[in-house]
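Peer 1: Numbering (the numbering used here), first residue to last: -1 to 251. The beta carbon of each residue, even a glycine, is placed where N, CA and C say it ideally should be. First, the structure itself, so that you have it in front of you.
Next up, the structure:
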């Protein structure tokens, strides 16, 4: 439903939702929503989904807001390519405090590292965290040996994200540029093969359709040829093979 100040999605039993490639301010009010995916949606999104368990948020700017506390988050993957305000980014992370498996892009970490004074005296909000993964998003898939610094994290940022995790502590994984490049190249190759298979299937279907049409077009010609052959046989029976009239063929008594 379109509202004066944006777009509203309200559904009492919706459990899964994907928002892809939009520019409109959006409010989502879905009390049964469990899985939410938001991709390339730089406008402000206000989410009211109290039992949300899975969130994938990938866009340019940090405009996601949770209107209610979310206590059932299992998996969260946040990728913000151009974070603009460290306070907004920190506020978003604090809203995700119940998450157990958290994935962040390296650009968020670098951005927060430039404003480390905002978190230096704050406790970690992630009391349930079991796994933290950090990966670089801006990776050149063509360059084999990309001259990028090693993926690292400052002590202050690491403490803020991991210090409150339950014993024996959350697992911490940093993915390198090379690993991201290899994984994306594999995905790209798989997508290309799938696209080629689609073209091949379409070609086969068109070929079978054209063959069927050719058979249908050829059928009337075959009927006419058969009729001509029967007519010729009848004429031969009347005239004979030496062009002399023999009259109707009769059986001997």
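(1) What does the alpha-carbon distance come out to for the pair residue 64 and residue 85?
(2) Going straight from the alpha carbon of residue 14 to that of residue 130, what length do you get?
(3) Below 8 angstroms, can you find three or more Cβ-Cβ pairs linking the segment 77 to 84 to the segment 43 to 53?
(4) If contact is defined by three or more beta carbon pairs under 8 angstroms, each pair taking one atom from either stretch, is the segment 156 to 176 in contact with the segment 195 to 202?
(5) Within a Cβ cutoff of 7 angstroms, which residues of the same chain sit near residue 111, ignoring the five residues on either side of it in sequence?
(6) Which of the three DSSP states is assigned to residue 107 in this structure?
(7) Near residue 118, which residues of its chain fall below 6 angstroms by C-beta distance, leaving aside the five closest residues on each side in sequence?
(8) Below 7 angstroms between beta carbons: does that hold for residue 253 and residue 126?
(9) Is DSSP giving residue 21 helix, strand or coil here?
(10) Check the DSSP bridge columns for residue 54 and list the partner residues they point to.
(11) Exposed or buried, what is residue 229 when buried is set at 16 or more other beta-carbons lying within 10 Å of its beta-carbon?
(12) Cβ of residue 25 within 7 angstroms of Cβ of residue 12?
Peer 2: So, to answer that:
(1) 15 angstroms
(2) 24 angstroms
(3) no
(4) no
(5) Cβ contact annotation for residue 111 (same chain, cutoff 7 angstroms, sequence separation greater than five): 152 and 155, in chain order.
(6) Helix at residue 107.
(7) 154
(8) Residue 253 falls outside the range modelled here, since the chain spans only -1 to 251, and no answer is possible.
(9) coil
(10) 35 and 75
(11) exposed
(12) Taking 7 angstroms as the Cβ cut-off, residue 25 and residue 12 do not qualify as a contacting pair.
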